[in-house]
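As you go down the protein sequences, you meet chains A and B in turn. Residue numbers for the first sequence follow this note's numbering, beginning at 42 and rising by one. Residue numbers for the second sequence follow this note's numbering, beginning at 42 and rising by one. By construction, the Cβ of each residue, glycine as well, lies at the ideal position given by its N, Cα and C atoms. Shown next, in structure tokens, is the structure this report addresses.
2 protein chains.
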Amino acid sequence: MKRPTIGDVARLAGVSTATVSRTLHSPEVVSETARNAVLEAVRYTGYTQNAAAQNLRQRRAKAVLVLVPDIGNTFFSEILAGIERVASAAGLTILIGDTANDVRREEDFLRYLRNGRADGVLLLNGRLPPSVIATLDEGAGRPPMVTISEALDRQVVPHVGIDNVAAAELAVRHLLDLGHRRIAHLCGPADNILTRQRLAGYRRAMAAAGIPAGRESLLAGDFTAESGGRAALELLALPERPSAIFCSNDEMAMGLISVLHGRGMAVPCDLSVVGFDDIVFAKTYIPALTTIHQPRSDLGERAMHSLLALLDGTLEQQQAPALLEARLVVRESTAACRAPR
Amino acid sequence: MKRPTIGDVARLAGVSTATVSRTLHSPEVVSETARNAVLEAVRYTGYTQNAAAQNLRQRRAKAVLVLVPDIGNTFFSEILAGIERVASAAGLTILIGDTANDVRREEDFLRYLRNGRADGVLLLNGRLPPSVIATLDEGAGRPPMVTISEALDRQVVPHVGIDNVAAAELAVRHLLDLGHRRIAHLCGPADNILTRQRLAGYRRAMAAAGIPAGRESLLAGDFTAESGGRAALELLALPERPSAIFCSNDEMAMGLISVLHGRGMAVPCDLSVVGFDDIVFAKTYIPALTTIHQPRSDLGERAMHSLLALLDGTLEQQQAPALLEARLVVRESTAACRAPR
DNA sequence: TTGTATGCGTTATCAG
DNA sequence: CTGATAACGCATACAA
Numbered sequence: 042m043k044r045p046t047i048g049d050v051a052r053l054a055g056v057s058t059a060t061v062s063r064t065l066h067s068p069e070v071v072s073e074t075a076r077n078a079v080l081e082a083v084r085y086t087g088y089t090q091n092a093a094a095q096n097l098r099q100r101r102a103k104a105v106l107v108l109v110p111d112i113g114n115t116f117f118s119e120i121l122a123g124i125e126r127v128a129s130a131a132g133l134t135i136l137i138g139d140t141a142n143d144v145r146r147e148e149d150f151l152r153y154l155r156n157g158r159a160d161g162v163l164l165l166n167g168r169l170p171p172s173v174i175a176t177l178d179e180g181a182g183r184p185p186m187v188t189i190s191e192a193l194d195r196q197v198v199p200h201v202g203i204d205n206v207a208a209a210e211l212a213v214r215h216l217l218d219l220g221h222r223r224i225a226h227l228c229g230p231a232d233n234i235l236t237r238q239r240l241a242g243y244r245r246a247m248a249a250a251g252i253p254a255g256r257e258s259l260l261a262g263d264f265t266a267e268s269g270g271r272a273a274l275e276l277l278a279l280p281e282r283p284s285a286i287f288c289s290n291d292e293m294a295m296g297l298i299s300v301l302h303g304r305g306m307a308v309p310c311d312l313s314v315v316g317f318d319d320i321v322f323a324k325t326y327i328p329a330l331t332t333i334h335q336p337r338s339d340l341g342e343r344a345m346h347s348l349l350a351l352l353d354g355t356l357e358q359q360q361a362p363a364l365l366e367a368r369l370v371v372r373e374s375t376a377a378c379r380a381p382r
Numbered sequence: 042m043k044r045p046t047i048g049d050v051a052r053l054a055g056v057s058t059a060t061v062s063r064t065l066h067s068p069e070v071v072s073e074t075a076r077n078a079v080l081e082a083v084r085y086t087g088y089t090q091n092a093a094a095q096n097l098r099q100r101r102a103k104a105v106l107v108l109v110p111d112i113g114n115t116f117f118s119e120i121l122a123g124i125e126r127v128a129s130a131a132g133l134t135i136l137i138g139d140t141a142n143d144v145r146r147e148e149d150f151l152r153y154l155r156n157g158r159a160d161g162v163l164l165l166n167g168r169l170p171p172s173v174i175a176t177l178d179e180g181a182g183r184p185p186m187v188t189i190s191e192a193l194d195r196q197v198v199p200h201v202g203i204d205n206v207a208a209a210e211l212a213v214r215h216l217l218d219l220g221h222r223r224i225a226h227l228c229g230p231a232d233n234i235l236t237r238q239r240l241a242g243y244r245r246a247m248a249a250a251g252i253p254a255g256r257e258s259l260l261a262g263d264f265t266a267e268s269g270g271r272a273a274l275e276l277l278a279l280p281e282r283p284s285a286i287f288c289s290n291d292e293m294a295m296g297l298i299s300v301l302h303g304r305g306m307a308v309p310c311d312l313s314v315v316g317f318d319d320i321v322f323a324k325t326y327i328p329a330l331t332t333i334h335q336p337r338s339d340l341g342e343r344a345m346h347s348l349l350a351l352l353d354g355t356l357e358q359q360q361a362p363a364l365l366e367a368r369l370v371v372r373e374s375t376a377a378c379r380a381p382r
């Protein structure tokens, strides 16, 4: 009826609880006879170690918290899959906190760190919640953490991501190579670091081509498809329409294309579009979206590895960011236009 | 340096640890003076209860496991959001297990139930892993669980979902009302219960309209966009092409439309399409997709409420399924066609 | 209303 | 190689 404990197993195997524990943790230190008796008893009783007791005794949770702005965003969920893969290989559980970009919710999840439910944290949300900032100087007492994708302004925590500036440059250069001169940029939310980095890349590429790209070539968005749709309307109202646009992410690009399509403006014939992220739907979209592909699984795996190292103390808290490679994926939305559809 | 314990707080407040514990759990039973002293000490020390110790003592994890086939699928992630909302309101943590539709991974996550990391489980994966089936007869010993969206064949566990048969009928009737007679159906994976239910709805609607709908009107898919693309090729090769198709989910519909578009066949002009689920991208897609909308948040919330009830013993294990309402959302993919695009 | 004492199930230390 | 035993931090039964 009740779940078997280590004591039950010990009794059945005719050994002490210590031996049972040892058999389960380091089988090599117990005699073969004892080991077999224990394993047999474990099988017979169906014994499983009680996680709470272990955590209490060992003062660790064998779990890590992952803070993500939106689980539903496939961009994040593939990173999560990468994280999960290495976490579970290391015997760690992951606690996913969907923060909906809300600081209150972030703080809320961080209590898992304080009450010992999690041993460390992976930050995908581009910001350090206040309560964590407070611990930064402490050195110890400071929770093991790694940022992914969205770096912090101050580089105070190990980070795994891509070089967004360079990737954005790649995207814009692609449009330039296609012969476009009037290239607009649809930005993400103003306070976001990705927005700033991708904007910088856009500017750098335009400057390198000797093309002025002032405020008038910038549209404001917030990474949602809806904001892309609004930007489309702005774009339509422009006195001199661009022939191409680089969008700071794929959702906005799709929202934009969708509304343009509704107004009779076709992509790529009337406007070439490049997105960013290469989300799953990018290639199913009509037109299939030219975009920057990020190695999402790798980002997750790499970051989890770093966190593991931090947890064993193998890795320093201060550290140069690990930048993985992003690449341009050319699809239909920047194709040369034969005949208008 | 070290994290404060209940003992530290007690000492500082000049009371016993029992009083501290009581203050935190049922403030009304301790005197105001004691309570204030304790709360003051808690603030001063920054004390937080240790979850492992609580779990060990109370023999529960205050956590539930949620098994989902694919977190990245927005269909599931919105359900998750609903679950999370009520779970966190009830002070429970959710452990998300992305099973990738792999029984081995399911079993793997279920160890959380046995080792006491989770108190119950929410199943979104449409199947009962073998180790759970084994416990079904036990009554007690059987873990509290609720299925969501995908029911089990035998109704042995509380379930929250929609009436898929009726919803599919709704979709097909919409096409019939539009005047379509040759209506195909793109199925999901053969062994999936949703596939069977939606197929049944399709058949029922066709039969009610007196239209024969045999095997020749059925295309095989597996819920992925790729399989939708393959189905498009099959469809193109058909001797008598249908004028409309009902797809068992949105991803397949999009994959299908995308490939058709590549072959010069336009939706809705050459073929009307209805999907199922109303995933986030359905309305941004070109053409915007007519589909069946499921109340995803509600499904999650409702299911979590049921599980909570199961956990307090308020609810029976055996129970009629809770069926929430799904509705048809009419968009461009079944629009009347003025001029070919 | 409060305090004392016990045990939740493990693991690590320390003798043997 | 093995066993006894003391924590780990907390919540509750019981006594006061």
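query = In whole angstroms, what is the alpha-carbon distance linking A380/B and V314/A?
reply = Low per-residue confidence applies at A380/B: pLDDT is 45, beneath 50, and the placement is therefore not dependable enough to give any value.
request  = Can you give me the Cβ contacts of R76/B inside the same chain, cut-off strictly under 8 Å, excluding the 5 residues immediately before and after it?
outcome  = If we look at R76/B and ignore the five residues flanking it on each side, its Cβ neighbours are T64 and P68.
request  = Quick one: residues in its chain with C-beta nearer than 8 Å to the C-beta of H302/B, no 5 flanking neighbours on either side, listed in chain order?
outcome  = Excluding sequence neighbours, H302/B sits near V308.
query = the ligand GTP heavy atoms versus the CB of V83/A: any closer than 7 Å?
reply = Of the ligands one can find in the structure shown there are none, so the ligand GTP has no counterpart to examine.
ask   = Measuring CB to CB, does A208/A end up less than 8 Å from A367/A?
value = Going by beta carbons, A208/A and A367/A fall inside the 8 Å limit.
ask   = Along chain B, which residues have their Cβ under 9 Å away from the Cβ of S299/A?
value = Contact annotation for S299/A against chain B: K324, T325, Y326, I327 and A329 [CB-CB distance below 9 Å, chain order].
query = Taking Cβ-Cβ distances shorter than 7 Å, what residues in chain A pair up with L121/B?
reply = Neighbourhood of L121/B in chain A, by CB distance below 7 Å: I112, in chain order.
message = As a quick exercise: from P185/B, M247/B, G220/B and I327/B, pick the residue whose alpha carbon is nearest that of E210/B.
response = Cα-wise, what sits closest to E210/B is M247/B.
request  = Please work out which residues of its chain come closer than 8 Å, Cβ to Cβ, to A231/A, disregarding the five sequence neighbours upstream and downstream, and give them in chain order.
outcome  = Contacts found: A261.
ask   = Can a CB atom of chain A be found closer than 8 Å to the CB of G316/B?
value = It does not; no Cβ of chain A falls within 8 Å.
ask   = Across which residues does DSSP place I234/B in a beta bridge pair?
value = Answer is none; I234/B lacks a bridge partner.
key: Per-residue burial, P171/B [other beta carbons within 10 Å of its own, 16 or more giving buried]   = Counting of Cβ neighbours within 10 angstroms places P171/B among the exposed residues, the total staying below 16.
ask   = Quick one: does I137/B have its CB under 8 Å from some CB of chain A?
value = With 8 Å as the cut-off, I137/B counts as an interface residue toward chain A.
ask   = Comparing the C-beta of S24/A with each C-beta of chain B, is any distance below 8 Å?
value = Because chain A here runs from 42 to 382, residue 24/A falls outside it and cannot be looked at.
request  = Give the interface partners of T134/B over in chain A, defined as CB-CB distance under 8 Å, in chain order.
outcome  = Simply L136, Y153 and R158.
ask   = Where does the unbroken beta strand (DSSP E) through D353/B begin, and where does it stop?
value = Not the beta strand (DSSP E): D353/B falls in the alpha helix (DSSP H), residues R337 to D353.
request  = To the nearest angstrom, report how far apart C310/A and L330/A are at their CA atoms.
outcome  = For C310/A and L330/A, the distance between alpha carbons rounds to 13 Å.
key: DSSP bridge partner residues for G161/B (one or two, in chain order)   = DSSP, once it has assigned bridges, lists V105/B as partnering G161/B.
message = Would the stretch 120–129 of chain B count as touching the stretch 149–162 of chain B if we require 3 or more Cβ pairs under 8 Å?
response = Contact fails: fewer than three Cβ-Cβ distances are below 8 Å.
message = Here's the rule: buried if 16 or more other CB atoms are within 10 angstroms of the residue's CB, otherwise exposed. What is C378/A?
response = Only exposed fits C378/A, as fewer than 16 other CB atoms lie within 10 angstroms of its CB.
ask   = Using a Cβ-Cβ distance under 8 Å, would Q90/B count as near chain A?
value = It does: the Cβ of Q90/B has a partner Cβ on chain A nearer than 8 Å.
Ranges of the alpha helix (DSSP H) found wholly within the stretch 195–271 of chain B, counting only runs of at least 4 = Every alpha helix (DSSP H) stretch that sits fully inside the stretch 195–271 of chain B and reaches 4 residues is listed by chain position as 205–218 and 234–249.
ask   = chain A beta carbons: is any one of them nearer than 8 Å to that of H302/B?
value = H302/B counts as touching chain A.
request  = Throw me the rounded Cβ distance for the A344/B and L163/B pair, which I believe falls under 8 Å.
outcome  = Cβ-Cβ separation between A344/B and L163/B: approximately 6 Å, consistent with a contact (criterion under 8 Å).
Close-in-space but distant-in-sequence residues of the same chain around I47/B (CB under 6 Å, 5 per side omitted) = T58 and V61.
task = Determine the extent of the beta strand (DSSP E) in which A285/A is found, giving its start and end residues.
result = Its beta strand (DSSP E) spans residues A285 to C288.
inquiry  = Let's see if you can read the secondary structure: which residues bound the beta strand (DSSP E) around A363/A?
reply    = Note, A363/A: beta strand (DSSP E), A363 to L365.
request  = Could you tell me which chain A residues have their CB closer than 8 Å to the CB of E125/B, listed as they occur along the chain?
outcome  = In chain order: D139.
message = Using the Cβ count rule (16 or more neighbours within 10 Å means buried), how would you classify G296/B?
response = Classification for G296/B: buried.
message = Please report the straight-line C-alpha distance between V109/B and D143/B, rounded to a whole angstrom.
response = C-alpha separation (whole angstroms): 10 Å.
ask   = Do you know how far the Cα of H226/B is from the Cα of I333/B?
value = Roughly 15 Å separates the two Cα atoms.
task = Could you check which residue in A250/B, A272/B and M186/B has the C-alpha nearest to that of L219/B?
result = For the residues A250/B, A272/B and M186/B, the minimum Cα distance to L219/B belongs to A250/B.
request  = Just the C-alpha distance for V197/B and L352/A, rounded to the nearest angstrom, thanks.
outcome  = One Cα belongs to V197/B, the other to L352/A, and the distance between them is close to 43 Å.
query = Are the beta-carbon atoms of E373/A and P328/A separated by less than 8 Å?
reply = Yes, the pair counts as a contact, with Cβ atoms nearer than the cut-off.
request  = Can you grab the Cα-Cα spacing for the pair N96/A / L106/B, in whole Å?
outcome  = About 18 Å.
query = What residues are listed by DSSP as bridge partners for T400/A?
reply = Residue 400/A is absent from the structure shown; chain A starts at 42 and stops at 382.
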